[in-house]
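Asker:
Number of protein chains: 2
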Amino acid sequence: MKCELVIIHQETVDQVRLAIPDATKIDKMSELMKAFADPTRLKILQALRQQELCVCDLAVIIEATQSSVSHQLSRLRKQHLVKYRKDGKIVYYSLDDEHVSEILDRVLEHIDHA
Amino acid sequence: MKCELVIIHQETVDQVRLAIPDATKIDKMSELMKAFADPTRLKILQALRQQELCVCDLAVIIEATQSSVSHQLSRLRKQHLVKYRKDGKIVYYSLDDEHVSEILDRVLEHIDHA
DNA sequence: GTATCATATGAATATATGAACATACAAACA
DNA sequence: TGTTTGTATGTTCATATATTCATATGATAC
């Protein structure tokens, strides 16, 4: 298949291409969105919107194993979506910054709108 | 492993649990985020932020096959992230609503901030 | 020191997913 | 009608990912 329109819209193609972020940035965006793209992690994030929580309570709240929650928290940490503080052997997690909540709000808006 | 803190924080658990969206909504959120969580689809969305584009130009712009772009557009359609209009045999795609751009802006903010 | 509890991590497995190829469909036109 | 062009879709395959189990780490208590 060859697309004749390419030639016709060559200027459009060149112009739009310039406005797309480079591969590195696109990949970072993708990794960030992937961190949101899982029910378990979304439940964790929604729980943390309420208040900071330890791993164990989180596991009980979202009805998942401690191991699973810990793995997912690790992933959320890597994307700077959550932060933590240690108190003895207990680790309390919370949302990293306000962007996280804002993104979740927009997502909820979009769903309710559709 | 049993978590003694569960008993101590039982009220917290009950309270936070109530604030987490139900499984149906969480799944919808997850599906929506999954639609964003891919470099090809992100490039498509970023391209469409500039202007509406036909499938063929989109393929050239993001350097992907027509088949791949069409598959991804199908997925974006299912999540109401893009809409389209037909003009003869050409299909022009554009962003569905302003939520999409807002989400992308928040994502970019978070990345630049980190 | 040992034992216990909270959390983290590594490995294995099952499922999900993106890309590529082939093909089907739909519109325009000879 | 048949042909060409733009788009959509089904299938296959390779890779990615979530969960589970087992184990490791690190802190507290005894």
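Chain order of the listed sequences is A and B. Residues in the first sequence are numbered consecutively from 1, following the working numbering. Residues in the second sequence are numbered consecutively from 1, following the working numbering. Backbone N, C-alpha and C define an ideal beta-carbon position, used for all residues, glycine too.
Near residue 45 of chain B, which residues of its chain fall below 8 Å by C-beta distance, leaving aside the five closest residues on each side in sequence?
Answerer: Correct list, in chain order: 36, 76, 81, 82, 95, 100 and 104.
Asker: Just tell me which of A:10, A:78 and A:43 has its CA closest to the CA of residue 23 of chain B.
Answerer: Looking at the Cα atoms, A:43 is the closest of the given residues.
Asker: I need the DSSP call for residue 38 of chain B, collapsed to helix, strand or coil.
Answerer: Coil at residue 38 of chain B, not helix or strand.
Asker: Starting from residue 20 of chain A, trace the beta strand (DSSP E) both ways and give me its first and last residue.
Answerer: No beta strand (DSSP E) contains residue 20 of chain A, which DSSP labels as neither H nor E.
Asker: Could you give the distance in angstroms between the alpha-carbon of residue 32 of chain B and the alpha-carbon of residue 26 of chain B?
Answerer: Approximately 10 Å, taken between the alpha carbons.
Asker: Mind listing which residues of the segment 11-25 of chain B have their C-beta closer than 8 Å to chain A's C-betas, in chain order?
Answerer: Residues 12, 13, 15, 16, 17, 19, 20, 21, 23 and 25.
Asker: Return the CA-CA distance between residue 56 of chain A and residue 66 of chain A, expressed in angstroms with no decimal places.
Answerer: Distance between the alpha carbons of residue 56 of chain A and residue 66 of chain A: 6 Å.
Asker: Mind checking if residue 100 of chain B is an interface residue toward chain A, Cβ cutoff 9 Å exclusive?
Answerer: Output row for residue 100 of chain B: interface = yes.
Asker: Comparing the C-beta of residue 72 of chain B with each C-beta of chain A, is any distance below 9 Å?
Answerer: Output row for residue 72 of chain B: interface = no.
Asker: When the Cα atoms are used, what is the spatial distance from residue 107 of chain B to residue 61 of chain A?
Answerer: Using only the alpha carbons, I get a separation of about 27 Å.
Asker: Residue 87 of chain A bridges to which residues according to DSSP?
Answerer: Per DSSP, A:90.
Asker: Indicate the three-state DSSP secondary structure (helix, strand or coil) for residue 15 of chain A in the structure shown.
Answerer: Three-state result, residue 15 of chain A: helix.
Asker: Cβ atoms of residue 17 of chain A and residue 47 of chain B: under 9 Å apart, would you say?
Answerer: It is a contact, given that the beta carbons lie within the stated cut-off.
Asker: Anything in chain B within Cβ reach of residue 94 of chain A, meaning under 9 Å, just list it in chain order.
Answerer: Under the 9 Å cutoff, chain B gives no residues; its nearest Cβ is about 12 Å from residue 94 of chain A.
Asker: Quick check: the Cα distance between residue 29 of chain B and residue 87 of chain B, rounded to an integer number of angstroms?
Answerer: Their Cα atoms are separated by approximately 32 Å.
Asker: Is it right to say residue 158 of chain B is buried, meaning 16 or more other beta carbons lie within 10 angstroms of its own, or is it exposed?
Answerer: Since the first and last residues shown for chain B are 1 and 114, residue 158 of chain B lies out of range.
Asker: Can you give me the C-alpha to C-alpha distance between residue 34 of chain B and residue 71 of chain A, rounded to a whole angstrom?
Answerer: Those two C-alpha atoms are separated by around 19 Å.
Asker: Is it buried or exposed, residue 38 of chain B, if we count other Cβ atoms within 10 angstroms and call 16 or more buried?
Answerer: That one is buried.
Asker: If you reduce the DSSP assignment to three classes, tell me which class residue 81 of chain A lands in.
Answerer: In the structure shown, residue 81 of chain A sits in coil (DSSP, three-state: anything other than H, G, I, E or B).
Asker: Judging by CA-CA distance, which residue of B:78, B:51, B:84 and B:102 is the nearest neighbour of residue 20 of chain A?
Answerer: Of B:78, B:51, B:84 and B:102, the residue nearest in Cα terms is B:51.
Asker: Which residues of the segment 80-93 of chain B have a Cβ closer than 8 Å to any Cβ of chain A? Give them in chain order.
Answerer: Cβ contacts with chain A come from 80 and 90.
Asker: When the cut-off is 9 Å and only beta carbons count, does residue 77 of chain A lie next to chain B?
Answerer: By this cut-off, residue 77 of chain A is not an interface position.
Asker: Any beta carbon from chain B within less than 9 Å of residue 30 of chain A's own beta carbon?
Answerer: Yes, its Cβ sits closer than 9 Å to a Cβ of chain B.
Asker: Checking the sheet assignment: what are the DSSP bridge partners for residue 116 of chain B?
Answerer: The requested residue 116 of chain B is not part of the displayed model; chain B covers only 1 to 114.
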